[in-house]
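The numbering of the sequence shown is UniProt numbering, which starts it at 1 and goes up by one.
Every residue gets a Cβ at the ideal spot worked out from N, C-alpha and C, and that includes glycine.
Note that the structure is a prediction, hence the values are computed from the model and not measured.
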Amino acid sequence: EYLLLFCRMKLCYLLPKVKSTLKIPTDKHLLQQLELCIRKLLCQEKDKDVLTIVKRTVLELDRMEISVDVFQKRFYENDLLDQEKERQEHLLLEMEQLEKEKQQNEGRSTNVNDKMFEKKRRDSKTSSVLAKSITLSVPAISSGTSAGKEDKKSKLVRSQSFSTQALHPKYNNIDKC
């Protein structure tokens, strides 16, 4: 059993050397197997001495940088540049999309404001036309009695309050003043 523990300790000392010989991306599969081996050692090791060595080795392996093939390195750098360009293009597209949405929203709000202004203008025209037609129709009713005059006055008051309500919808209770 002691011999087996000694072999595991030696293996832990060899692992950083093995990792230093690996080159990415050609040896990526081997690197994954190496990491799997280390995980198994961490999980299954029962001896305290070997476990401390495994933990130390894991820290050392984490600090190590993996070498990249020279040929593959150029492709890797190009890939990184492409990814950066793609990210910038994506940001530009998002900015353009936001700008379009902003312009559409401004156009909509302008259209809404124009529509509201047009509606107010139409309402004021309609109310003035209604007021004129009502006041014009009032003199058509002619009666010499005082009851007829009271009726005429009440219609005139109603027509005036109607026209002010149509012109100023905020002042609904203006005839109560």
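Val54 and Cys12 do touch by the CB rule: their CB atoms are close to 5 Å apart, below 8 Å.
Taking C-beta atoms under 8 Å as the contact rule, Leu31 and Ile66 qualify, at a distance of about 7 Å. With 16 or more neighbouring CB atoms inside 10 Å of its own CB, Lys19 falls in the buried class.
Under the three-state reduction of DSSP, Ile24 is assigned to strand.
For Lys46, there is no enclosing alpha helix (DSSP H), since its DSSP letter is neither H nor E. Spanning the alpha carbons of Gly107 and Glu94 requires a straight line of approximately 20 Å. Apart from the 5 residues on each side of it in sequence, Glu60 sits with its Cβ closer than 8 Å to the Cβ of Pro16 in its chain, given in chain order. Beyond the five residues adjoining it in sequence on each side, Met64 comes within less than 8 Å, by CB distance, of Pro16, Lys19 and Ser20 in the same chain, given in chain order.
Within the DSSP secondary-structure output, Val68 pairs in a beta bridge with Ile24.
Note on Leu41: 16 or more other CB atoms within 10 angstroms of its CB, so buried under the neighbour-count rule. Here Glu94 carries a helix assignment [DSSP, helix/strand/coil].
Burial of Thr57 is indicated by the presence of at least 16 other C-beta atoms within 10 angstroms of its C-beta. Arg39 is the residue among Gln83, Arg74, Arg39 and Arg87 whose C-alpha sits nearest the C-alpha of Asp62.
Each residue's CA atom was taken as its position, placing Glu35 and Val68 some 18 Å apart.
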